[in-house]
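>
In our numbering, the protein residues as written are 149 to 450.
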């Protein structure tokens with residue numbers, strides 16, 4: 149039996165059309181249930197786009213069945229995801245979670261369902277990720293990394309039940325156990341700062357709390373060597389996204405035949421993640437330097 153697919157959308161009709169088109173190309177979508185959560189408008193300026201979004205989702209006919217949940221108020225992405233996934237788990241034991249700013253490989257659903265079935269009874273596994281960063285080195289076909297992820301992912305009710313919403317509690321545990329550096333991938337990516345900003349109300353990230361919840365329980369996420377998900381939200385169209393091409397990937401073009409991995413983190417690939425994150429830091433630094441040089445050049449020209 150295929151896992152139900154939960155799709156969260158807001159006010160981006162063009163992005164929504166892209167993910168629905170790619171989802172329709174997955175062969176097993178015809179035997180899958182699709183549950184769409186459509187968030188309400190923040191202000192009058194969003195209402196027209198939300199009308200367009202809701203017109204699109206009411207025309208979806210390629211899934212086995214489609215359920216649409218339309219919010220009258222704006223919940224925001226974080227609350228939408230947390231409340232939506234929790235509500236779906238009142239009915240199902242496993243779920244595939246998507247947002248409207250993604251494009252999927254035609255083999256995404258095969259991979260997600262196969263992995264959900266393979267590791268269903270392994271308490272050590274918290275999450276299945278369909279996305280993998282454009283790493284500088286080549287990883288094995290599939291591998292585990294400690295924690296959880298959020299771009300085209302899947303999980304089980306047993307794992308979601310351990311999700312801790314209190315960021316303050318999570319940060320205290322990470323600090324008390326002296327895990328901040330490891331949580332930050334050997335200080336290569338500022339996840340703890342993201343968590344702190346969530347606590348302070350400067351971001352509304354459910355994802356960093358999902359990652360921290362699984363990380364503290366020493367649980368794992370399965371990743372593929374080739375990405376089944378491409379994120380299209382880094383084009384400044386999203387509420388929380390900045391424009392960037394650093395996360396761009398090519399989609400997997402063939403079905404992956406899964407083989408079981410040992411239930412432990414792949415330490416070598418963890419260093420691959422660190423190297424990639426460090427390359428992002430250099431790229432960001434280079435971009436800032438370039439902007440400063442451009443600014444100074446204009447000043448001098450004047």
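Think of the CB as a built atom: it goes at the ideal place given N, C-alpha and C, for glycine as much as any other residue. Predicted, not measured: the structure shown is a model, and the values here were computed from it.
Could you name the residues of the same chain whose beta carbon sits closer than 7 Å to that of residue 427, not counting the 5 residues immediately before and after it, in chain order?
Here residue 427 corresponds to residue number 279 of the chain shown, with the count starting at 1. Cβ within range, chain order: 284.
> Under 8 Å Cβ to Cβ from residue 395, same chain only, skipping five residues before and after it: list those, please.
Your numbering for residue 395 matches position 247 in the chain shown. Only 281, 282, 379, 382 meet the Cβ criterion.
> Rounded to a whole number of angstroms, what is the C-alpha to C-alpha distance between residue 260 and residue 276?
Here residue 260 refers to the residue found at position 112 of the chain shown. Here residue 276 refers to the residue found at position 128 of the chain shown. So the two alpha carbons sit approximately 7 Å from each other.
> Can you have a look at residue 162 and say buried or exposed, based on whether 16 or more other CB atoms are within 10 angstroms of its CB?
Your numbering for residue 162 matches position 14 in the chain shown. Burial call: exposed.
> Assign residue 163 to one of three DSSP states: helix, strand, or coil.
In the chain shown, residue 163 corresponds to position 15, counting from 1. Residue 163: helix per DSSP, three-state reduction.
> Determine the direct distance from the alpha carbon of residue 292 to that of residue 369, and round the result to whole angstroms.
Here residue 369 refers to the residue found at position 221 when the chain shown is read from its first residue. Here residue 292 refers to the residue found at position 144 when the chain shown is read from its first residue. Their Cα atoms are separated by approximately 5 Å.
> Tell me which residues share the same chain as residue 387 and place their Cβ nearer than 6 Å to its Cβ, disregarding the 5 neighbours each side in the sequence.
Within the chain shown, numbered from 1, the residue matching residue 387 stands at position 239. Here residue 387 scores only 48 on pLDDT, less than 50, and its place in the model should not be relied on; the value that follows carries that caveat. Result list for residue 387: empty, nothing under 6 Å.
> Could you give the DSSP three-state label for residue 217: helix, strand or coil?
Reading the chain shown from its first residue, position 69 is the one you call residue 217. Three-state result, residue 217: strand.
> Have a look at residue 441 and residue 430 and give me their C-alpha separation to the nearest angstrom.
Within the chain shown, numbered from 1, the residue matching residue 441 stands at position 293. Within the chain shown, numbered from 1, the residue matching residue 430 stands at position 282. Unreliable placement is indicated for residue 441, whose pLDDT of 31 sits below 50; the coordinate value is still reported in the next sentence. Going by the C-alpha atoms only, they are around 16 Å apart.
> Cα separation between residue 154 and residue 287?
Taking the chain shown and counting its residues from 1, the one referred to as residue 154 is at position 6. Taking the chain shown and counting its residues from 1, the one referred to as residue 287 is at position 139. When rounded, the distance between both Cα atoms is 29 Å.
> With DSSP collapsed to three states, give me the class of residue 337.
By 1-based counting over the chain shown, the position of residue 337 is 189. In this structure, residue 337 counts as coil in the three-state DSSP scheme.
> Let's see if you can read the secondary structure: which residues bound the alpha helix (DSSP H) around residue 308?
Residue numbering aside, residue 308 sits at position 160 when the chain shown is read from its first letter. Looking at the DSSP string, the run of the alpha helix (DSSP H) that includes residue 308 is 305 to 308.
> Determine the contact status of residue 198 and residue 216, defining contact as a CB-CB distance below 7 Å.
Counting from one through the chain shown, the residue named residue 198 turns up at place 50. Counting from one through the chain shown, the residue named residue 216 turns up at place 68. Not in contact: residue 198 and residue 216 (Cβ atoms no closer than 7 Å).
> Can you find the residues in the same chain that come closer than 8 Å, C-beta to C-beta, to residue 234, ignoring five residues on each side of it along the sequence?
Position 86 of the chain shown holds residue 234. If we look at residue 234 and ignore the five residues flanking it on each side, its Cβ neighbours are 308.
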